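Enquirer: Residue numbers (this note's numbering), protein chains in the order written: chain A, 52 to 409; chain B, 483 to 1016. For each residue, glycine too, the CB sits at the ideal point set by N, CA and C. Because the structure is a prediction, the values reported are computed rather than measured.
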Amino acid sequence: MSEKVTENVSFLSLIRKIPFSTRAVGLFYIAVVITGVVVGWPFGMLISSSLHLFGVWAILTLANVPSIQSGTGPNFALPIGIVSGLLAMVLILAMNVMGWMFMLLSTILAIILGSIAGFFYGRLMNAVKGSEMAIAPYTGFAITAIFGLVWLTLPIDHPNMLFFLGDGLRHQIPLDYFNANFILANLLQFEIAGVTVRTGELIVVFVACALMWLFFRTKTGIAISAVGRSPMFAKAAGINVNRSRIIANMISTAVAAVGIVVYAQGFGFVQLYDFPMFFAFPAIAGILVGGASGQRARVMNVIVGAFLFQGLLALALPVFTRVLADTDVGGVVNQIRMIVQNGIILYALALMARGAKQ
Amino acid sequence: MSRTLLEFKNISKTYSGNQVLKDVSFDIREGEIHALLGENGAGKSTIMNILFGMPVIHSTGGFEGELHIDEKKVDVNSPFDAMALGIGMVHQEFMLIPGFTIAENVKLNREIEKNNIINTITSSLFGKRMKTLDRKAMNRDARKALDKLDMSIEEFTLVQGLPIGYMQFVEIAREIDKKGLKVLVLDEPTAVLTESEAEHLLSAMRNIAALGIAIVFISHRLNEITAVSDRVTILRDGEHVITKDTKDTNVLEIAEYMVGRKVSIDRTSGEGRQFDDNSDIALSVKDLYVAMPNEQVKGISFDVRKGEIFGIGGLAGQGKLGIANGLMGIYEAKGDILINGQKVALGKTRQMLGMGAAFVSEDRKGVGLLIEESIEDNIVFTAMNIHSEFLNALGLANKHTIREHARKMIKELDIRCTSEKQHTGRLSGGNQQKVCLARALTQKPSILFVSEPTRGIDIGAKKLILDLLLKLSREQGMTIIMTSSELAELCSISDRVAIVCEGEMVGILPPDASLSKFGLMMSGIKEAEGEVAS
Ligand SMILES: Nc1ncnc2c1ncn2[C@@H]1O[C@H](COP(=O)(O)OP(=O)(O)O)[C@@H](O)[C@H]1O
Ligand SMILES: [Mg+2]
């Protein structure tokens, strides 16, 4: 096996292999870091918080891999998976399960509920083949709205979960009442050169990524990828196209459900009501920034993208605060942060749409 | 004899390096019905597109040669030029607007306008779009055109929902409604018509010709042509073969001219074959119907013996490609199928593959390959999916065995590539076809369907592929069902060749049957009738 094609491995040619959006956001990332250093922001803290955001967002970003690979496109209906995960946690908490047991049981239940929801969502996507990206976001909105009502009416009477006055679950259920806040984040946590490394979170992220990577090397995973590339080819090879797309969306939704469990422990709250609406676009922008297209995504895109995109947001806020110094009247900094975040999302989506045309 | 109206002088045309018309010259006379004949790809539509100034001609580098009308050279750079010169054309594909009435379609873009007060003002602002249409005049003209065609249908009927045969007449009505029409080109007008509709059209054509309008008529149905035309011109592989008075020829001769002596591939001897008339039936097909668009199969039955190479030929659009696609479940089909005596349900691709059938599709890029994936992944794909091969103990793709197998196939089939990692989209047509074959062979099939195995590939690869098929049949006793538009190729390796026309099997011939017999069958004429005609 020695006759490998010798490739020109100059630095420039390596750079050229990186997708354009990744390069652009990467450069921006570096610029922000340098600015941070110049204005004297504590480096350790910046890296710590960007690692933390990466840890809680990576699995949510990972949920896009199966749906993109199967040809359904990025999972714009991420709220379905998130609602499944939230429901799982709420149900487990209602039984007053605490700590690691809560983590374990709500993860398992999240996978089960997510798979069931993903099954029906997959069937919906098959029914609207060709306009998935138009229908999916509204499916997410609809589910979020319906569950707004569910949270209000669930027959749960755990005092730590209810509004202080009246019926219904709180907007934010604090996990510290259940000894489940930061439970992964604190596992094997250590500090090095001023950087806090939340090892437990990162381990879970890498296990999830590895499982996904392995799945796409199994017969079923390879079949799903083929369905996304060319449904006619897949059909001629005896693959059930609709079934493959349903499996992909079950996995996608289940992964999103697990993702929100990890997210919740990372911030110490189970957040309900409108909360699921704010995940789809950052997760999709993350994978696109990492080099995925609307038709093709790899686990590597998730890791690179979640790190760059979430890292940038983590860095941008404090750096801008510093740059603007005392001029932050009326939350200008937070506005800027929103502009940066939505600007990158818009940019990534525009690049994706353009790529789809070519 | 009537006057010469139109002349094609030394017309040549190249599509991206591929010469599809070579120095073609012939003429059309006033008021004659002139049949233009030739196998698929002979260049019939191309030369008519040149006459009509179609953009596809001019966007691909134009053409060489001259067009003369009334002995004067004319330039036809667009369909508008053509219309101004009195040339009308009904294309192979319909160009009607479904939501409009027949009259509106007949008058499309040539609407009759009335003046009114408002439009005098608005037309200066918006141009002529705002003028009111004079519907009465439009309907009257459309009526006249329909009457010429003996069409009793109301002119204000919507085109939407009309039977497809009627649409053809609406298109013709549109052309003959044009003032000063001299030549009307009909590109395969009867292909979509039922028998009685076709009859009707032929008599309408005679009416039109009687008005002094010349008709150029492209068709595959030889009987129609001899019934209606005054002269015939035959093209073969872009060359002009002959122009003759119809009364001086017959279907048999025309068929021979059409099929001709092509670049022939010598028939390899049948020695060493593991097959004879007593071999078991490997595939039995009864009353097969397939709903493949443009390749419909309408009730075909045949048996193929174990180890046989069974050829299926016919002109494009007649249904030959539908057979394999229907059997393999790519398009909806019904019928009774037995494989090695065992009944199989149609539409179950997985079951067919599991029973040892493999399919090399005619649609290489759409169905045959994952063009963004590597050669090795393409080669092992179906075997992995159906037979769970090339997986390790954990159920993961086994890189090592995949690579080893891919290298073996690359060597055996002489696939020219940089490595087994190269994407198949980057390969030449011939090498892509070899990858498709490699994938099928990796399934270790007992029955192999190959459709258009050598379409669009160079002669060297062609030979290699045909030799390979023969070798598989000889050494492994593989049953092969090969569908091809190239008769020479079918005859070179098949044991029997079936000819499909209009969705039905006209007959089965031995590979050494005369060309005229094949030609007749391709036109839908059974042998017995052919003998009467000669
Ligand atoms: N737009 C095109 N681009 C490239 N090749 C073409 C195009 N149209 C036709 N051809 C080729 O030109 C040849 C003649 O085609 P055509 O005139 O349509 O044949 P016919 O009408 O006799 O069946 C064929 O080999 C066909 O593949
Ligand atoms: Mg044609």
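Beta carbons nearer than 9 Å to chain B: which residues of the stretch 119-153 of chain A have them?
Expert: none
Enquirer: Can we count Thr-528(B) as close to ligand 3, meaning its CB is less than 7 Å from some heavy atom?
Expert: The model depicted lacks ligand 3 and carries ligand 1 and ligand 2 instead.
Enquirer: Please determine, among Leu-797(B), Ile-861(B), Gly-789(B), Leu-948(B), the residue with the shortest C-alpha to C-alpha distance to Val-988(B).
Expert: Ranking Leu-797(B), Ile-861(B), Gly-789(B), Leu-948(B) by Cα distance to Val-988(B) puts Leu-797(B) first.
Enquirer: Just to make sure I have the definition right: I need the residues of chain B whose C-beta is within less than 7 Å of the C-beta of Leu-265(A). Which are they?
Expert: Residues of chain B whose Cβ lies closer than 7 Å to the Cβ of Leu-265(A) are, in chain order, Leu-878.
Enquirer: Does the separation of the CB atoms of Gly-985(B) and Lys-664(B) fall below 8 Å?
Expert: No, the Cβ-Cβ distance between Gly-985(B) and Lys-664(B) is not below 8 Å.
Enquirer: Restricting to runs no shorter than 3 residues, where is the beta strand (DSSP E) found entirely within the stretch 305-334 of chain A?
Expert: You should have 320-322.
Enquirer: Closer than 7 Å by beta-carbon distance: list the chain A residues that pair up with Leu-873(B), in chain order.
Expert: Lys-270
Enquirer: Using alpha carbons as the reference points, say which of Asp-730(B), Val-538(B), Val-786(B), Val-502(B) lies closest to Val-979(B).
Expert: Val-786(B)
Enquirer: Let me see if you follow: with CB-CB separation under 8 Å, is Asn-776(B) close to chain A or not?
Expert: no
Enquirer: Should Trp-151(A) be labelled buried (16 or more other beta-carbon atoms within 10 Å of its own) or exposed?
Expert: exposed
Enquirer: So which residues of chain B does Lys-286(A) contact, with C-beta pairs closer than 9 Å?
Expert: Gly-811, Ile-812, Thr-831, Val-849
Enquirer: Using C-beta distances below 6 Å, list every residue in its chain close to Asn-126(A), excluding the 5 sequence neighbours before and after it, in chain order.
Expert: Ala-114, Asn-115, Ser-118, Ser-303
Enquirer: Do you know whose CA, among Leu-567(B), Pro-561(B), Thr-542(B), lies nearest Lys-554(B)'s CA?
Expert: From the listed residues Leu-567(B), Pro-561(B), Thr-542(B), the smallest Cα separation to Lys-554(B) is found for Leu-567(B).
Enquirer: Does DSSP classify Pro-225(A) as helix, strand or coil?
Expert: strand
Enquirer: Taking all protein chains shown into account, do 16 or more other C-beta atoms lie within 10 angstroms of the C-beta of Leu-487(B), making it buried, or fewer, making it exposed?
Expert: buried
Enquirer: Is Gly-523(B) a contact residue of ligand 1, with contact defined as CB to any heavy atom under 7 Å?
Expert: yes
Enquirer: Please confirm if Ser-344(A) has its CB atom under 8 Å from at least one CB of chain B.
Expert: no
Enquirer: Classify Tyr-813(B) as helix, strand or coil using the three-state DSSP reduction.
Expert: Looking at Tyr-813(B) - three-state DSSP - the assignment turns out to be coil, as it is neither helix nor strand.
Enquirer: Quick one: what's got a C-beta closer than 6 Å to Glu-514(B)'s C-beta in the same chain, skipping five residues either side?
Expert: Ala-696, Asp-712
Enquirer: Who are Ala-839(B)'s beta bridge partners in DSSP?
Expert: For Ala-839(B), DSSP records a beta bridge to Ile-929(B).
Enquirer: So which residues on chain B does Met-403(A) lean against when the C-beta distance must stay under 9 Å?
Expert: Those within 9 Å of Met-403(A) in chain B number zero; the least Cβ separation is about 17 Å.
Enquirer: Could you list which residues in chain B have their beta carbon closer than 7 Å to that of Arg-67(A), in chain order?
Expert: Going along chain B, no residue has its Cβ under 7 Å from Arg-67(A), so there is no contact; the nearest lies around 18 Å.
Enquirer: Whole angstroms are fine: how far does the CA of Phe-358(A) sit from the CA of Gly-805(B)?
Expert: Gly is not the amino acid found at residue 805(B); the sequence shown has Ile there. Their Cα atoms are separated by approximately 53 Å.
Enquirer: Does the CB of Asn-863(B) have a neighbour CB from chain A at under 8 Å?
Expert: In the sequence on display, residue 863(B) carries Phe and not Asn. Residue-level contact check: Phe-863(B) touches chain A, since one or more beta carbons of chain A fall below 8 Å from its beta carbon.
Enquirer: Helix, strand or coil: which one does DSSP assign to Ala-709(B)?
Expert: Here Ala-709(B) carries a helix assignment [DSSP, helix/strand/coil].
Enquirer: Using a C-beta cutoff of 8 Å, does Ala-274(A) count as contacting chain B?
Expert: Yes, contact with chain B.
Enquirer: Pick helix, strand or coil for Met-149(A), following the three-state DSSP scheme.
Expert: coil
Enquirer: Between Tyr-739(B) and ligand 1, is there a pair consisting of the residue's CB and a ligand heavy atom that are separated by less than 7 Å?
Expert: no
Enquirer: Less than 7 Å between the CB of Ser-498(B) and some heavy atom of ligand 1, yes or no?
Expert: yes
Enquirer: Output needed for Val-134(A): all residues of its chain with C-beta closer than 8 Å, excluding positions within five of it in sequence on either side, in chain order.
Expert: Excluding positions up to five away in sequence, the list reads Ala-168, Ile-194, Thr-195, Phe-198, Pro-327.
Enquirer: Should Val-538(B) be listed as close to ligand 1, given that the test is whether its C-beta is under 7 Å from any heavy atom?
Expert: yes
Enquirer: From Ile-892(B), Gly-911(B), Asp-896(B), pick the residue whose C-alpha is nearest to that of Lys-903(B); which is it?
Expert: Ile-892(B)
Enquirer: Report whether the distance from the Cβ of Thr-542(B) to the nearest heavy atom of ligand 1 is below 7 Å.
Expert: Taking 7 Å as the cut-off, one finds at least one heavy atom of ligand 1 near enough to the beta carbon of Thr-542(B).
Enquirer: For the stretch 78-87 of chain A against the stretch 281-299 of chain A, are there 3 or more C-beta pairs whose distance is under 8 Å?
Expert: no
Enquirer: Compare the C-alpha of Gly-219(A) against each of His-103(A), Trp-202(A), Asp-227(A), Lys-180(A) and name the closest.
Expert: Trp-202(A)
Enquirer: Go through its chain and collect everything with a Cβ distance to Ala-410(A)'s Cβ below 7 Å, but skip five positions before and after it.
Expert: With chain A covering 52 to 409 only, the question about residue 410(A) has no answer from this structure.
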